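As numbered in the working numbering, residues 803 to 1422 make up the sequence shown, in order. Here is the structure we will look at.
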Amino acid sequence: MHQTLIFAEQELNRYITVITGSSEHGIKLCQSQPEDSPYTDHYAIQVEGGKGVISGCNPRSVLIGVYRFLFLIGCRFIAPGQDGETLPVKKLSDCHAREEKTVPTRHRGICIEGAVSRENVLDMIDWLPKVGFNSYFIQFREGHTFYERWYTHQGNTLLQPLPYTVEESRRFVKEAEAEIEKRDLIYHKVGHGWTCESIGYPSTGWHKVENPDVPANLRRYLAELNGQRSFFEGIPLNTHLCYSNPEVRQRMTEEVVRYAKENPNVSALHVWLADNYNNICECEACQKHTQTDWYIMLLNEIDAALTELGLQTKLVFLIYFELLWPPKTVTLKNPGRFLMMFAPITRTYTHPLCTADETACRKNPPLLPTYRLNQMVFPSDTKENLAFLYHWQKEFSGDSFDFDYHLMWDIDKEFGGLKLAKVLYQDCIRLKDIGLNGLISCQQNRASFPSGLCQYVMGRTLFDPSCDFSDLVEEYAQAAYGENSRLALRYLELLSNGFSHAYMRGEEEGKTNADYVVLFAQASRHLSEIAQEITEAADKYQTRGWRVLAESLPIYQHLASALKRKVEGASADEMRQAAERLRALVSAAEGSIQKDLDAMYFNLLIGGFLEQTEEKIYQN
803 MHQTLIFAEQ ELNRYITVIT GSSEHGIKLC QSQPEDSPYT DHYAIQVEGG KGVISGCNPR
863 SVLIGVYRFL FLIGCRFIAP GQDGETLPVK KLSDCHAREE KTVPTRHRGI CIEGAVSREN
923 VLDMIDWLPK VGFNSYFIQF REGHTFYERW YTHQGNTLLQ PLPYTVEESR RFVKEAEAEI
983 EKRDLIYHKV GHGWTCESIG YPSTGWHKVE NPDVPANLRR YLAELNGQRS FFEGIPLNTH
1043 LCYSNPEVRQ RMTEEVVRYA KENPNVSALH VWLADNYNNI CECEACQKHT QTDWYIMLLN
1103 EIDAALTELG LQTKLVFLIY FELLWPPKTV TLKNPGRFLM MFAPITRTYT HPLCTADETA
1163 CRKNPPLLPT YRLNQMVFPS DTKENLAFLY HWQKEFSGDS FDFDYHLMWD IDKEFGGLKL
1223 AKVLYQDCIR LKDIGLNGLI SCQQNRASFP SGLCQYVMGR TLFDPSCDFS DLVEEYAQAA
1283 YGENSRLALR YLELLSNGFS HAYMRGEEEG KTNADYVVLF AQASRHLSEI AQEITEAADK
1343 YQTRGWRVLA ESLPIYQHLA SALKRKVEGA SADEMRQAAE RLRALVSAAE GSIQKDLDAM
1403 YFNLLIGGFL EQTEEKIYQN
């Protein structure tokens, strides 16, 4: 028997025992006829009085069917970790559920980002199929930079860094891979790093190399910028290669093929170029084609090498920065090998990617802006971002998905999460309208501060785009906060409405500094008015959801005062002190709610915003 079917049976028995007090039931699990695509999930549930059958078209779908059955009888899986579950008490005879479904969204996943512990990743993998996700993506070969951030406590001013090595990350990834395989999840891997590894430099993260001495035999492979071949801003990972050089493409091809041969467990292997933008080779040969043309040439060469070896590895290529422009002279020779990934990293998240009245643009998209080598400005406007996708769809009609960043940075900028959750919801329900078959969220894997609503809404909506947003909010609130859920929602509404998401993003919204003074003063007053209620509820209910709300309260109280002083024109020294106080509060909170709060990103983004040192991460 497939290990996922064994695991599904174990999970069913475990939860039935907790819910009913007995492991005795008459529910059988079986695998039905497989679907044409390995990315398709289809299940059927026929259970009456604790007896019946749960089937699925693949082992993963059987497991998803088990969790869906548990959902239908009252279980809620609102966040990763055992304390993110709420389970009913029922008699076995009252356990009824009938449902058959092909999940309409094919790609439903989360990509590792932020700062994570071993336990954070394992909890996330365990949670994914419970709420309807079917895939997990580990960037890089060993995900080292993300583990390293946590174990060295980057961004946390109160914790001492621990010694940490790449070998530990490799061990953690092997452990994660075993859990992915146990659940038959679609496993996405790598993305970043091929350009480094191809010339012998490790691709463990965005680390800067001090005084890099690149050997002459390798220097010729690096992109030429301003007449020089060196690491872009000292960062190997952000350094493009000279793709017109056949040796470069050969080295990259060999590296990808070697990895594919050694890692047959990877379902979708991402082949990306260097990160960042305006860093493309300016040599005479490279200027004969666009970056995208060279990229497609490389992908064709990789495909040919894999085909020659009989390897069926699915490759993912991305639309990102300069690659937003479709190729002019080259096409993919074997499109069935590839998945297309749309990564609109510079878009705004104050508005949905697509509204109902904008889908007509897909048939006749507007002209794209002129491609200007290393002088690019990328759009935040959603219509402009979609225009790139629509033009690409004329070149590639194969399977594709959105790779988006709602919960990377904006989860720390839309404080209550209600407005961001609505944007996420709208994006998810309209994926089919823009010709995409799903979403993989590149996000902090600790994304439940001050609540896990956004992440929950995303999972539930990708699984069932017919869900009603208000119902999902109510569903989450009841499960997370219980009988006093209205108070919790009132607090989250205060945070979403009492601060400005657009202001935190640096987007113009027609308000003056005087308007913001009033806004933040009101937020401060309202937070003071609700503070005692939130504290008392947290003391009374002693649940994870309430504990996180209580920990968030002093942080947002401080932020309201600090932002008011910022728009009033406070001195740089005063704002520096406010940022230091914020970082101390966030660091202390992370100590008690580590599973929910990523202090590294919060302190980087919001602390930096207060003292005007925030990096403009991929924003123009």
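Ideal placement from N, C-alpha and C gives every residue a C-beta, glycine not left out. The structure displayed is predicted, hence computed values, not measured ones.
- prompt: Going along the chain, which unbroken runs of the beta strand (DSSP E) with 3 or more residues stay wholly within the segment 982-1035?
  reply: Complete beta strand (DSSP E) runs here, min 3: 988-993.
| request: Please confirm whether S1000 and R943 have their CB atoms less than 8 Å apart. | output: As a working mapping, residue 1000 is identified with position 198 in the sequence shown. As a working mapping, residue 943 is identified with position 141 in the sequence shown. Taking a C-beta distance under 8 Å as the contact criterion, S1000 and R943 do not qualify as a contact pair.
Segments assigned beta strand (DSSP E), at least 3 residues, entirely inside the segment 853-877
Counting whole runs of 3 or more residues, the segment 853-877 contains the beta strand (DSSP E) stretches 853-858.
Determine the burial state of K1368: buried for a count of at least 16 other Cβ atoms within 10 Å of its Cβ, exposed for fewer.
Locating residue 1368 in the sequence shown gives position 566, counting from the first residue. K1368 comes out buried.
Buried versus exposed, by CB contacts within 10 Å (16 or more), V1259: Locating residue 1259 in the sequence shown gives position 457, counting from the first residue. The residue is buried, with at least 16 neighbouring Cβ atoms inside 10 Å.
Open item on the list: In whole angstroms, give me the CA-to-CA distance for R951 and D1212.
Closed with: For this step, residue 951 is matched to residue 149 along the sequence shown. For this step, residue 1212 is matched to residue 410 along the sequence shown. Approximately 19 Å between the Cα atoms of the pair.
- prompt: Would the beta-carbon of C877 fall within 8 Å of that of S857?
  reply: One-based indexing of the sequence shown puts residue 877 at position 75. One-based indexing of the sequence shown puts residue 857 at position 55. Taking 8 Å as the Cβ cut-off, C877 and S857 do not qualify as a contacting pair.
TODO: For N1422, count neighbouring C-beta atoms within 10 Å of its own C-beta (all shown protein chains included) and say buried if the count is 16 or more, exposed if not.
DONE: Position 620 of the sequence shown, counted from the start, is the residue given in the question as residue 1422. For N1422, the predicted model reports a pLDDT of 38, less than 50, meaning its position is unreliable; a value from the coordinates is still stated below. The residue is exposed, with fewer than 16 neighbouring Cβ atoms inside 10 Å.
**Residue from A1391, F1180, V868 with nearest C-alpha to I808** = Residue 808 sits at position 6 when you count from the first residue of the sequence shown. Per the C-alpha coordinates, the member of A1391, F1180, V868 positioned closest to I808 is V868.
According to DSSP, simplified to helix, strand and coil, what is C1083?
Your numbering for residue 1083 matches position 281 in the sequence shown. DSSP places C1083 in the coil class of the three-state scheme, outside both helix and strand.
Same chain, Cβ closer than 7 Å to E915, five either side skipped, listed in chain order: Taking the sequence shown and counting its residues from 1, one reaches residue 915 at position 113. Excluding sequence neighbours, E915 sits near F948, M1210, C1244, Q1245, Q1246, N1247.
When you compare only the Cα positions, how much space is there between M803 and R972? Residue 803 sits at position 1 when you count from the first residue of the sequence shown. Residue 972 sits at position 170 when you count from the first residue of the sequence shown. For M803 and R972, the distance between alpha carbons rounds to 29 Å.
> Excluding five sequence neighbours on each side, which residues of the same chain lie with their C-beta closer than 6 Å to the C-beta of F1322?
Replying inline: Taking the first residue of the sequence shown as 1, we reach residue 1322 at position 520. A1362, L1365, K1366.
DSSP state of E1413, grouped into three classes? Here residue 1413 is taken as the residue at index 611 of the sequence shown, counted from 1. E1413 falls in the coil class under three-state DSSP.
- Message: Here's the rule I'm using: 16 or more other beta-carbon atoms within 10 Å means buried, otherwise exposed. How should G1393 be labelled?
- Response: Your numbering for residue 1393 matches position 591 in the sequence shown. Answer is exposed; the Cβ neighbour count stays below 16.
Q | Backbone secondary structure at K1366 - three-state DSSP | A | As a working note, residue 1366 is residue 564 in the sequence shown. Three-state DSSP puts K1366 in a helix.
| request: Give the secondary structure of C897 by DSSP, where H, G and I count as helix, E and B as strand, and everything else as coil. | output: Start at 1 with the first residue of the sequence shown, and residue 897 comes out as number 95. In the structure shown, the three-state DSSP call for C897 is coil.
Item to check | Close Cβ partners of F1190 (< 6 Å) along its chain, the five nearest in sequence each way excluded | outcome: Translated into the one-based positions of the sequence shown, residue 1190 becomes position 388. Excluding residues within five positions, the ones whose Cβ falls inside 6 Å are L1126.
Assumed close pair G1261, F935 - CB separation to whole angstroms, cut-off 8 Å = Mapped onto the sequence shown, residue 1261 falls at position 459. Mapped onto the sequence shown, residue 935 falls at position 133. Under the criterion of beta carbons closer than 8 Å, G1261 and F935 qualify as touching, at roughly 6 Å.
How would you write the range of the alpha helix (DSSP H) that S1394 sits in, first residue to last?
Here residue 1394 refers to the residue found at position 592 when the sequence shown is read from its first residue. Here the alpha helix (DSSP H) through S1394 covers 1374-1394.
Item to complete: Find the nearest neighbour of L1134 within the set R1288, Q1324, T1094, judged by alpha-carbon distance.
Response: For the purposes of this step, residue 1134 is taken as the residue at position 332 of the sequence shown. Answer by Cα proximity: T1094.
How many angstroms separate the CA atom of F879 from the CA atom of D928?
Translated into the one-based positions of the sequence shown, residue 879 becomes position 77. Translated into the one-based positions of the sequence shown, residue 928 becomes position 126. For F879 and D928, the distance between alpha carbons rounds to 11 Å.
Exercise. According to DSSP, is T1055 helix, strand or coil?
Worked result: Residue mapping note: residue 1055 aligns to position 253 of the sequence shown, counting from 1. For T1055, the three-state secondary structure derived from DSSP is helix.
**DSSP state of F1203 mapped onto helix, strand, coil** = Position 401 of the sequence shown, counted from the start, is the residue given in the question as residue 1203. Under the three-state reduction of DSSP output, F1203 falls in the strand class.
**Asked** How big is the Cα-Cα spacing for N1047 and A1076?
**Response** The residue labelled residue 1047 in the question sits at position 245 within the sequence shown. The residue labelled residue 1076 in the question sits at position 274 within the sequence shown. Between N1047 and A1076, the alpha-carbon positions lie close to 16 Å from each other.
*Work out the CA separation of G1410 and S989 for me, nearest whole Å.*
Within the sequence shown, the letter at position 187 stands for residue 989. Within the sequence shown, the letter at position 608 stands for residue 1410. Note on identity: in this sequence residue 989 is Tyr, with Ser being the wrong assignment. The straight-line gap separating the alpha-carbon atoms of Y989 and G1410 is approximately 35 Å.
| field | Contact under 8 Å by Cβ, R910 with T842 | value | In the sequence shown, the residue the question calls residue 910 occupies position 108. In the sequence shown, the residue the question calls residue 842 occupies position 40. Contact: no.
Q.
Nearest by alpha-carbon distance to V891: which of Y817, T904, T959 is it?
A. Counting from one through the sequence shown, the residue named residue 891 turns up at place 89. Out of Y817, T904, T959, Y817 has the C-alpha closest to the C-alpha of V891.
Open item on the list: My output table needs one value for M1143: the three-state DSSP class, helix, strand or coil.
Closed with: Sequence index remark: in the sequence shown, residue 1143 carries index 341 (1-based). Three-state DSSP puts M1143 in a strand.
_Just to confirm the assignment, what range does the alpha helix (DSSP H) spanning A1339 have?_
For the purposes of this step, residue 1339 is identified with residue 537 of the sequence shown, where counting begins at 1. Here the alpha helix (DSSP H) through A1339 covers 1315-1343.
- Task: My understanding is that C1230 touches P1267, with C-beta atoms under 8 Å, so please give their C-beta distance in whole angstroms.
- Result: Taking the sequence shown and counting its residues from 1, the one referred to as residue 1230 is at position 428. Taking the sequence shown and counting its residues from 1, the one referred to as residue 1267 is at position 465. Indeed, because the Cβ distance is near 6 Å, the residues count as touching under 8 Å.
Applying the 10 Å Cβ sphere with the 16-neighbour rule, what's the burial state of K1397? Walking along the sequence shown from the start, residue 1397 turns up at place 595. K1397 should be labelled buried.
Considering only the beta carbon of each residue, do L987 and L930 sit closer than 8 Å? To locate residue 987, count along the sequence shown from 1; it is residue 185. To locate residue 930, count along the sequence shown from 1; it is residue 128. Taking 8 Å as the Cβ cut-off, L987 and L930 qualify as a contacting pair.
Taking only three categories from DSSP, how would you classify S937? For the purposes of this step, residue 937 is taken as residue 135 along the sequence shown, with counting starting at 1. When secondary structure is reduced to three states using DSSP, S937 falls in the strand class.
DSSP-derived helix/strand/coil call for G1240: Against the sequence shown, residue 1240 aligns to sequence position 438. Three-state DSSP puts G1240 in a strand.
Alpha carbon of S1354 to alpha carbon of L1329, nearest angstrom:
Taking the first residue of the sequence shown as 1, we reach residue 1354 at position 552. Taking the first residue of the sequence shown as 1, we reach residue 1329 at position 527. Between S1354 and L1329, the alpha-carbon positions lie close to 11 Å from each other.
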